[in-house]
Each structure stands twice: as C-alpha cells, then as structure tokens.
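Working notes, structure below.
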Amino acid sequence: MEKVLLLLLLLSWTITGALAGGVGLVNVTHLEMFVDKLPDMPRLQAYRIRNSFLEPGNLTIGMYEKIWKFHRDLPATRVYAYGTSRAAATVPGPTIEALQGIPTHITWKPPPVPPYPILGPHHPHPHPAPSGVPTVVHLHGGVHPPTSDGHSHAWFTSNFSYVGPSFSSPTSSYPNLQDPGNLWYHDHAIGLTRVNILAGLLGAYTLRSPALESPLRLPHGPEFDRHLILFDRSFLSDGSLFINSTGNNPSIHPQWQPEYFGDALIVNGKAWPFLRVRPRRYRFRIINASNARFYRLFFSNSLTFLHLSSDSVYLSRPVPSRKFLLGPSEIADVIVNFADSPSQSVILLNDASYPFPTGDQPDEFSGKVMKFIIYPGNKNHQDPSHVPKRLLPPPPPPTPEHRAAATRYIAMFEYESATGEPTHLYINGKPYDAPVTETPRSGTSEVWHVINLTDDNHPLHIHLGLFVVLEQRELVGVEKLKDCMMRINDVDKCRLKDHAKGRADPVPAHEKGWKNVFKMQPGFVTRILVRFAMLRSEKPYPFDAAAEPGYVYHCHILDHEDNMMMRPLKLLN
Numbered sequence: 001m002e003k004v005l006l007l008l009l010l011l012s013w014t015i016t017g018a019l020a021g022g023v024g025l026v027n028v029t030h031l032e033m034f035v036d037k038l039p040d041m042p043r044l045q046a047y048r049i050r051n052s053f054l055e056p057g058n059l060t061i062g063m064y065e066k067i068w069k070f071h072r073d074l075p076a077t078r079v080y081a082y083g084t085s086r087a088a089a090t091v092p093g094p095t096i097e098a099l100q101g102i103p104t105h106i107t108w109k110p111p112p113v114p115p116y117p118i119l120g121p122h123h124p125h126p127h128p129a130p131s132g133v134p135t136v137v138h139l140h141g142g143v144h145p146p147t148s149d150g151h152s153h154a155w156f157t158s159n160f161s162y163v164g165p166s167f168s169s170p171t172s173s174y175p176n177l178q179d180p181g182n183l184w185y186h187d188h189a190i191g192l193t194r195v196n197i198l199a200g201l202l203g204a205y206t207l208r209s210p211a212l213e214s215p216l217r218l219p220h221g222p223e224f225d226r227h228l229i230l231f232d233r234s235f236l237s238d239g240s241l242f243i244n245s246t247g248n249n250p251s252i253h254p255q256w257q258p259e260y261f262g263d264a265l266i267v268n269g270k271a272w273p274f275l276r277v278r279p280r281r282y283r284f285r286i287i288n289a290s291n292a293r294f295y296r297l298f299f300s301n302s303l304t305f306l307h308l309s310s311d312s313v314y315l316s317r318p319v320p321s322r323k324f325l326l327g328p329s330e331i332a333d334v335i336v337n338f339a340d341s342p343s344q345s346v347i348l349l350n351d352a353s354y355p356f357p358t359g360d361q362p363d364e365f366s367g368k369v370m371k372f373i374i375y376p377g378n379k380n381h382q383d384p385s386h387v388p389k390r391l392l393p394p395p396p397p398p399t400p401e402h403r404a405a406a407t408r409y410i411a412m413f414e415y416e417s418a419t420g421e422p423t424h425l426y427i428n429g430k431p432y433d434a435p436v437t438e439t440p441r442s443g444t445s446e447v448w449h450v451i452n453l454t455d456d457n458h459p460l461h462i463h464l465g466l467f468v469v470l471e472q473r474e475l476v477g478v479e480k481l482k483d484c485m486m487r488i489n490d491v492d493k494c495r496l497k498d499h500a501k502g503r504a505d506p507v508p509a510h511e512k513g514w515k516n517v518f519k520m521q522p523g524f525v526t527r528i529l530v531r532f533a534m535l536r537s538e539k540p541y542p543f544d545a546a547a548e549p550g551y552v553y554h555c556h557i558l559d560h561e562d563n564m565m566m567r568p569l570k571l572l573n
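Residue numbers are given in the UniProt record's numbering: position 380 of the sequence shown equals residue 380, and the series is strictly consecutive.
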C-alpha cells in the first residue's frame, strides 16, 4: 500500500509522493522510552477579577503553525496548535480554567492561508487554495447555546473568507452553569475532524467551583492536580506526522481509512514521558484524545486508581479500580497515591486491543504509556490532601423510564464494499445530512436504546445532553437481526425484543454516574436515559437550546464521525 506524507499546513493535509526523497516511517523500536519530562500545559484564567469581584472572561485563542518536539531523538514536527500567540501555542493547547457561574467568551482566530488544498471524504473536490481549511471549535461536555457548540457546519477559514452554512460568529460564549468538572476542546469541522485534531488542535478545559470543591480537600495545585492527555501518532524520519491516506476503497474515498492508530503513545505532547512524583496523592484528569485507540490502563505494580468522576460530572463517592477502559474522548478523573507504591518507579500500562475489541494486542511500545519516578524518602511525607467518603451531593436520580418523554431506537450500521472493506457508517441508516429525526424537548428526559450492529465498539457522544447507562444487553441471533435491520430498519418488524435476551453486562462502578460518552459494545443493545435539561434542577436550559444550528450526536472514533457516523439533534422548546 502506498504510503503518503501529509504536510500539516494550516490544518491542511496535502497528498505528496510516498516516502519521497528517502523519507521513511520511523521505527519506534529505535526510540528510547521515558527520556522526556511530562509537560504541564499553560493555564489560561477564563474569568476576570476586578475590585475583588469576579467578572466574565474574554479570551482570544488562535490556531498557529509551529514546530513541536514530540521526542528527544525525533526531528521537530510541524503542527497546528492552539495558543494566545504563536510563541505560546502548544500541543495540546493551553488548559482553560473557568469558574462555575462565571461566563467565558472565547474568540477563536483561524490560522493563516495554506498553500495547499483540502482533502476529506465530505470534501471530495479541493477548495481553492486561498480559502484556507475549515476549522471550528467544539467544547466537549459543555452546556451552552447551539451557536457556541462548534457545529460541524459552522466552520470558517482564514480571514473568514469562506464560512460554513451554520457559521454565525468566531466568538463562543460558555455560560459555565453546569456542575464543576472536566471538559476538553477540539476541532469539529465537517469531514476534517480526524486530521485537524491529528495536526494538534485539542486542549483541556476545567470548570471549577471552589465553594463546592475546596471542602473536599482533594489534591490541588499545579504540581499535584495534573492533566494527562493521551493520543497516538506515527512519524516519518524527517519528523513529519504520518497518516496513511490511501483509502481502503480508493475509488470511493481516496483518503479515508476506517481507523487511525499511531505507533507512539503521546502524553501531553511527549512520547512515553516520565514524571517525578512525591510519595503522596496526585490527581490526574486523564483525557483520551486519540482518533480511534482505546486504552485499558493499569500500573506495573500494585498501585490502584480512585475514580472521582467519569467525563464531566463528579461521582457521588470515590470508586476504586485496578484497571479501567477509556474510549476515545472519555475522561477519567482519578487519584493515585504513590505512597502506596512498593517500588521506586512504576509504569502506566495499556492492554486494549486495536481496533477494540477484536484487533491486535498492543506491543512493547503501544503497551506502555508513561513512567512515574517516585522521589526516595519518607513515605509519611506530609500530604495535606484528603479523600472524602462522599464527593459532591448527587444530582436528582434518573427519571423513571415510564415517565420519560420519549423512547428512541438508535441503530449503528457499517456498510462494506463488494470486497468486504468498510465504506461508511450510518446511524439509523441515515447520512449526516439527512433531515433531523431526533427532536427532544428542552427540560425532558428520554430513553434511548442504542443497537450496535457492527463489529466495533463505538463511543457514543451526545452534545448538550447528559445520560446514565441503565443496561447493556447482549443480542442473540445478532446476524439475523442485522440482516433484517439492513433491509427494512424497523425494530418492531425485525423483532428486536426477541433478540435482546442475552446476558446483561454490568456497568462498571466508576461509570454509573452521569456521562456524555459511553462505549457501545458490538452485538449489544445499550439502554440509556438522556437528560435534556439542567442536571440538578431538571428544568429547561437557561438559553434557547432550540435555536439554530442545533446540536449533533455521533461516534467519537474520529474516522467514523468523519465518514457519516453522526446525526443532527434538534431540541424543541
């Protein structure tokens, strides 16, 4: 298969000759692990303090081409990065720190004009070079108006010379009225999300509430409260990022591959970094920002995790685990107590197959994430942090199913060519641009039955709404159900109830809270209760959630999302 170099110029990925000029794919076995220190990304205060009063914050964040070192022994890599200036831009971008109840307004500046055309399955014909590449920013997990959601059709290009049909303003307004928790921001342009994020357009967003969180006495401060943003990348010997852009069905999609997997695991912009830690508790906010890779994380010794939240909402009480699975775009907020380590160093490991769940097992280099080196000394090192038995008061419990405003069936399909290669993925048998069919009413809850008829695990992300997982039920006779659904796409006529009789897999204890992403197992129907309302009051949103351009829901494997596994979501008042 021809290998091609994708040059990152203004998020544009131009196809060039394969391994031209003797540039070859880096063999990661030649790279030494744990030689780069884990970076801590810059932090941006997303509010103002004037005369001792808190005021809304106004930030301007641009997208810049720059050079980034992913590993000590790799040449520098051209990337696109978020930052307040080109010099300050990083991969991942700066961590935005907001306060609950204090709005944040961010003006997103497009990058300069690229000299190359755009490529992507939704853009089969390149745009004129002067137009630039579409970009738009989505705050993942945010509860905000549709005009600030980073709708995939709200893209804009350099100097706003071209804008998408849903574009309204480069400034997004985030009310920050939701619970404190972990979010992240990333590119969301139609058909280009996978390559724009691959280029470096992602970053963390933390919503804090000192009044609620300070009494918990959890580890805090820049040294002891850290983000770990995970993704995977492959490189050419000149340092360039590499993606095989020869499609598995070139006559249908010249560039699209079903999933992207990089050879090197990256944490906070460094391949297999290390971090020196004290023998005490640390809080790690772990974000899976990979295109398609799942991580099943555990330590090389007996250390354990204590989960505080899953995605953007605190659990009601901490939940311990020795190993946990993190799908693309999921967030795990955990405490690790290095005072409990029986050794002076420990490696964070990964054993999730790729593609998940039936693909290849990780090798030596995709199975190791990073290393922690524990300062020698007294294990009774002063640690003022605390882990309470209870965290924040829980939100109101899910609405009883019989009182839900609607019940919906969401079926996931994968389509193949005559040679058995995937061509595209649909939800409910419909492409993204088909008329909207999911129209929940603001202030209500709905039950969704998500039917996964593919061989892949799909992390389903619902914009705006939060949900709890009620049940994961295995489908019996799944091939018969799949054949029927592919023909007529009718759950009643295909007798879904007769197939939803297999084993029930328990929801992991650390994922029993409110989530915005969940891993939909292949051959299962997963029942979720979605709250399209403010989480604690259960009242309609304090903004017009029914305004244009609406929201979306989709698989968060970026290569799937870019190839039609996304549907519009239009709320009603």
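The beta carbon of each residue, even a glycine, is placed where N, CA and C say it ideally should be.
Tell me where the alpha helix (DSSP H) around residue 581 begins and ends.
Not covered by the structure: residue 581. The range shown for the chain is 1 to 573.
Taking just the CA atoms, how far does Val195 sit from Ala129?
Here residue 129 refers to the residue found at position 129 when the sequence shown is read from its first residue. Here residue 195 refers to the residue found at position 195 when the sequence shown is read from its first residue. Low per-residue confidence applies at Ala129: pLDDT is 40, beneath 50, and the placement is therefore not dependable enough to give any value.
Note down, one range per segment and in chain order, each beta strand (DSSP E) of at least 3 residues found wholly within the segment 70–99.
Listed in chain order, they are 77–83 and 93–99.
Please state whether DSSP places Thr147 in a helix, a strand or coil.
Numbered from 1 along the sequence shown, position 147 holds the residue referred to as residue 147. Of the three classes helix, strand and coil, the one that applies to Thr147 here is helix, per DSSP.
Determine the closest residue to Val35 out of Ser158, Val143 and Ile266, with distance taken between C-alpha atoms.
For the purposes of this step, residue 35 is taken as the residue at position 35 of the sequence shown. When only C-alpha atoms are compared, the closest one is Ile266.
State yes or no: is the C-beta of Tyr295 within less than 8 angstroms of the C-beta of Leu198?
If you number the sequence shown from 1, residue 295 lands on position 295. If you number the sequence shown from 1, residue 198 lands on position 198. No.
Measure the alpha-carbon distance for Pro431 versus Met566 and round it to whole angstroms.
The sequence position of residue 431 within the sequence shown is 431, counting from 1. The sequence position of residue 566 within the sequence shown is 566, counting from 1. Between Pro431 and Met566, the C-alpha separation is close to 7 angstroms.
Alpha carbon to alpha carbon, how far is His144 from His138? Give it in angstroms, no decimals.
Here residue 138 refers to the residue found at position 138 when the sequence shown is read from its first residue. Here residue 144 refers to the residue found at position 144 when the sequence shown is read from its first residue. So the two alpha carbons sit approximately 11 angstroms from each other.
Pick out the complete beta strand (DSSP E) segments inside the segment 525–564, 3 residues or longer, and give them in chain order.
List check, beta strand (DSSP E) in window: 551–555.
Are there 16 or more other CB atoms within 10 angstroms of the CB of His402, so buried, or fewer, so exposed?
What you label residue 402 is simply residue 402 of the sequence shown in a count that begins at 1. When all chains shown are included, His402 counts as exposed.
Could you pull the DSSP bridge partners for Ala271 from this structure?
In the sequence shown, residue 271 corresponds to position 271, counting from 1. BP columns for Ala271 point to Ile266.
Considering Ala204, what are the terminal residues of the beta strand (DSSP E) in which it resides?
On the sequence shown, position 204 is the one that residue 204 refers to. Per DSSP, Ala204 belongs to the beta strand (DSSP E) from Leu202 to Arg208.
Here's a check: name, in chain order, each residue in its chain whose Cβ is nearer than 6 angstroms to the Cβ of Phe224, leaving out the five neighbours to either side.
The sequence position of residue 224 within the sequence shown is 224, counting from 1. Excluding residues within five positions, the ones whose Cβ falls inside 6 angstroms are Tyr282.
Nearest by alpha-carbon distance to Gly62: which of Arg43, Pro110 and Ile49 is it?
For the purposes of this step, residue 62 is taken as residue 62 along the sequence shown, with counting starting at 1. Checking every option, the nearest Cα to that of Gly62 belongs to Pro110.
Pro124 to Thr423, Cα distance in whole Å?
Locating residue 124 in the sequence shown gives position 124, counting from the first residue. Locating residue 423 in the sequence shown gives position 423, counting from the first residue. No answer about Pro124 holds up, because its pLDDT of 32 lies below 50 and its placement is not dependable.
How many Å lie between Ile118 and Gly132 at the Cα?
Along the sequence shown, read from residue 1 onward, the residue named residue 118 stands at position 118. Along the sequence shown, read from residue 1 onward, the residue named residue 132 stands at position 132. Note that Ile118 has pLDDT 32, beneath the 50 cutoff, so the model's placement of it is unreliable and the number below is only indicative. Approximately 8 angstroms, taken between the alpha carbons.
Here's the rule: buried if 16 or more other CB atoms are within 10 angstroms of the residue's CB, otherwise exposed. What is Phe53?
Your numbering for residue 53 matches position 53 in the sequence shown. Exposed is the call here.
Cα-Cα, which of Gln178, Thr135 and Ser148 is closest to Asn159?
The residue labelled residue 159 in the question sits at position 159 within the sequence shown. For the residues Gln178, Thr135 and Ser148, the minimum Cα distance to Asn159 belongs to Thr135.
Could you check the C-alpha separation between Val277 and Ile373 for me, to the nearest Å?
Taking the sequence shown and counting its residues from 1, one reaches residue 277 at position 277. Taking the sequence shown and counting its residues from 1, one reaches residue 373 at position 373. If you take the alpha carbons of Val277 and Ile373, they lie about 6 angstroms apart.
Report all residues from its chain with a CB closer than 6 angstroms to the CB of Gly164; omit the five preceding and five following residues, and keep chain order.
If you number the sequence shown from 1, residue 164 lands on position 164. These residues qualify, in order along the chain: His153, Ala154 and Trp155.
DSSP state of Thr419, grouped into three classes?
Along the sequence shown, one-based indexing puts residue 419 at 419. Reduced to three states, the DSSP call for Thr419 is coil.
Thinking just about the alpha-carbon of each residue, which of Leu192, Tyr185 and Asn182 is nearest to the one in Asp562?
As a position in the sequence shown, residue 562 is number 562, starting the count at 1. Considering only alpha carbons, the answer is Leu192.
Indicate the three-state DSSP secondary structure (helix, strand or coil) for Asn350 in the structure shown.
Reading the sequence shown from its first residue, position 350 is the one you call residue 350. It is a strand residue.
Could you check where the alpha helix (DSSP H) with Asp498 kicks off and where it finishes?
Position 498 of the sequence shown, counting from 1, holds the residue named residue 498. First-last of the alpha helix (DSSP H) with Asp498: Leu496 to His499.
So is Val436 buried or exposed if we call it buried at 16+ other beta carbons inside 10 Å?
Translated into positions along the sequence shown, residue 436 becomes position 436. It is exposed - the Cβ of Val436 has fewer than 16 other Cβ atoms within 10 Å.
Assign Ala549 to one of two classes, buried (16 or more other C-beta atoms within 10 Å of its C-beta) or exposed (fewer than that).
As a working note, residue 549 is residue 549 in the sequence shown. Contrary to the premise, residue 549 reads as Pro rather than Ala in this sequence. Burial call: buried.
Rounded C-beta distance between residue 580 and Thr90? I'm assuming under 8 angstroms.
No information on residue 580 is available, as it lies outside the stretch 1 to 573 that the chain covers here.
Is the Cβ-Cβ distance between Asp311 and Asn516 less than 8 angstroms?
As a working note, residue 311 is residue 311 in the sequence shown. As a working note, residue 516 is residue 516 in the sequence shown. Yes, these two residues count as a Cβ contact at 8 angstroms.
In chain order, what residues of the same chain lie with their CB nearer than 6 angstroms to the CB of residue 582, ignoring the 5 residues before and after it?
For the chain, the structure presents residues 1 to 573; residue 582 sits outside this window and is missing.
At which residues does the alpha helix (DSSP H) containing Leu453 begin and terminate?
Sequence index remark: in the sequence shown, residue 453 carries index 453 (1-based). It is not in any alpha helix (DSSP H) - Leu453 carries neither H nor E in the DSSP assignment.
By Cβ distance, which residues of its chain are closer than 6 angstroms to Thr526, with the 5 residues on each side in sequence left out?
Looking up residue 526 in the sequence shown gives position 526. Hits under 6 angstroms: Val450, Gln472 and Met520.
What does Val469 pair with, by DSSP beta-bridge criteria?
Counting from one through the sequence shown, the residue named residue 469 turns up at place 469. Paired residue(s): Ile528.
Any idea if Thr60 is buried or exposed, counting beta-carbon neighbours within 10 angstroms, 16 or more meaning buried?
As a position in the sequence shown, residue 60 is number 60, starting the count at 1. Classification for Thr60: exposed.
Helix or strand or just coil, what does DSSP make of Gly120?
Along the sequence shown, read from residue 1 onward, the residue named residue 120 stands at position 120. In this prediction, Gly120 scores a pLDDT of 34, lower than 50, which makes its location untrustworthy; no coordinate-derived value is stated.
Which residues in the same chain have their Cβ closer than 7 angstroms to the Cβ of Gln257, if we skip the five residues on either side of it in sequence?
Locating residue 257 in the sequence shown gives position 257, where the first residue counts as 1. Counting only Cβ-Cβ distances below 7 angstroms, and skipping sequence neighbours, we find Asn244, Gly247, Asn248 and Asp559.
So which of Ile462, Gln45 and Ser237 has the shortest CA-CA distance to Leu25?
The sequence position of residue 25 within the sequence shown is 25, counting from 1. Of Ile462, Gln45 and Ser237, the residue nearest in Cα terms is Ser237.
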